[in-house]
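The structure under discussion appears below in the form of structure tokens.
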Amino acid sequence: MIHMIVTATTVNEQTNVWLKYFTTIDWDKIVGTFIDKVLSLLFFTVLFLILYRLGRFALNRTFKSYQRRAHLTGTRVKTIHALSVNVFFYLVLFFYLYAILSILGVPVGTLLAGAGVVGLAIGFGAQGFVNDVVTGFFILLEAQFDVGDVVKLGTISGTVTNVGLRTTVVKSSDGTVNFIPNRNITIVSNLSRSNMQVLIKLPLAPSADLDLVRKTIERVNQDLVPKFTTITEEPDILGLTEEKNGAFTYQVLFYAENGEQVSLQRTFLGAYVAALNSAGIKVVTPPLNLQSGS
């Protein structure tokens with residue numbers, strides 16, 4: 001009986017303590033603060049959502065207008081557009097989360113300072129990746145080359161098969177597929193942006209009849225040039241030129257649309273040689289310069 005009385009007394013005392021504690025709480029302030037934070041969260045959520053929609057709309061309009069003015073390919077515009085939208089999205093998301101955490105009373109500055117060390121370590125590891133992406137972005141933005149262009153990137157030459165933000169893929173003439181990190185692309189030689197030079201060298205003996213050579217070449221040009229609409233400038237007969245090895249070559253120069261220079265060079269060279277042989281003018285084989293190895 002005594003034990004039950006003591007237990008009941010203890011329960012009453014604990015109940016009184018909790019009642020006193022609850023009566024000391026400023027419930028009006030708590031409810032007011034809660035409502036204030038909820039309203040602030042809703043306000044900033046709506047605000048950043050509107051900002052994101054407006055920003056994305058502006059980006060879409062800007063890229064459509066830029067594509068019409070610059071006459072860029074759809075692939076390049078889509079790539080740059082997607083990258084810009086993603087960067088804008090994460091930028092808005094960062095400031096949105098910063099505002100939300102600040103409203104909730106989270107010490108954002110302390111968290112950022114603590115994450116700085118980890119971010120620094122990750123930054124060193126991701127430096128190459130960032131360089132690739134930045135370089136790739138400017139390659140796309142400046143339209144330095146596009147898929148299908150014949151380029152020379154350092155020591156690698158070939159046709160571009162893919163242009164990405166991190167790597168560029170070039171297929172060489174022998175079929176080799178080269179994956180080049182964009183940060184390694186320092187000098188770009190694009191062979192597909194303007195008309196290309198076609199230089200034909202005919203090795204002749206110094207005693208050759210140069211007047212007959214010129215007339216023969218002019219006759220070939222009259223027959224062949226009208227058949228090729230890809231020739232942009234009429235052939236210019238440069239005449240006899242001495243090479244570094246002491247041999248003499250009769251040279252003809254003209255320009256053609258990019259991508260056509262190799263086939264045109266072969267066609268005209270074969271026609272010139274055949275016509276010269278028919279005219280009794282022998283095309284000399286250049287002497288071989290043999291050097292003994294050590």
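Per full-length UniProt numbering, the very first residue in the sequence shown carries number 1; after that it's consecutive.
Heads up, the beta-carbon is just placed ideally off N, CA and C, and yes, glycines get one too.
Please read these numbers as outputs of a predicted model, since none were measured by experiment.
Taking the Cβ atom as the reference point for each residue, do residue i and residue j lie within a distance shorter than 9 Å?
i           : j           : result
residue 167 : residue 148 : no
residue 188 : residue 178 : no
residue 151 : residue 258 : no
residue 182 : residue 139 : yes
residue 37  : residue 104 : yes
residue 154 : residue 184 : yes
residue 224 : residue 238 : no
residue 269 : residue 204 : no
residue 80  : residue 141 : yes
residue 295 : residue 99  : What the structure shows of the chain is the stretch from 1 to 294, and residue 295 is not part of that stretch, so it cannot be assessed.
residue 77  : residue 63  : yes
residue 96  : residue 44  : yes
residue 133 : residue 101 : no
residue 156 : residue 172 : yes
residue 186 : residue 158 : no
Is residue i helix, strand or coil when you go by DSSP?
i           : result
residue 149 : coil
residue 226 : helix
residue 36  : helix
residue 284 : coil
residue 277 : helix
residue 258 : coil
residue 245 : coil
residue 158 : strand
residue 176 : coil
residue 232 : strand
residue 197 : strand
residue 84  : helix
residue 290 : The predicted model places residue 290 with a pLDDT of 41, which falls under 50 and marks its position as unreliable; any figure quoted below should be read in that light. Coil at residue 290, not helix or strand.
residue 105 : coil
residue 271 : helix
residue 91  : helix
residue 65  : helix
residue 207 : coil
residue 265 : helix
Thinking just about the alpha-carbon of each residue, which of the options is nearest to the one in residue i?
i           : options               : result
residue 195 : 245, 154 and 255      : 255
residue 221 : 273, 130, 60 and 52   : 273
residue 240 : 262, 213 and 224      : 213
residue 261 : 247, 209 and 192      : 192
residue 55  : 34, 46 and 92         : 92
residue 230 : 200, 242 and 264      : 264
residue 197 : 232, 227, 208 and 216 : 232
residue 208 : 157, 276 and 96       : 276
residue 200 : 190, 267 and 176      : 267
residue 50  : 89, 35, 34 and 84     : 89
residue 57  : 84, 107, 227 and 143  : 84
Locate the alpha helix (DSSP H) running through residue i, then write down its first and last residues.
i           : result
residue 190 : Counting along the chain, residue 190 falls outside any alpha helix (DSSP H), though it belongs to the beta strand (DSSP E) covering 188-190.
residue 136 : 127-141
Can you tell me which residues form a DSSP beta bridge with residue i?
i           : result
residue 250 : 202 and 240
residue 185 : Its beta-bridge partners do not exist; DSSP assigns none.
residue 298 : No answer is possible for residue 298: the residues shown for the chain start at 1 and end at 294.
Check whether chain C comes within 9 Å of residue i, counting only Cβ atoms and requiring the distance to be less than that.
i           : result
residue 210 : In the structure shown, chain C cannot be found, because there is only a single protein chain.
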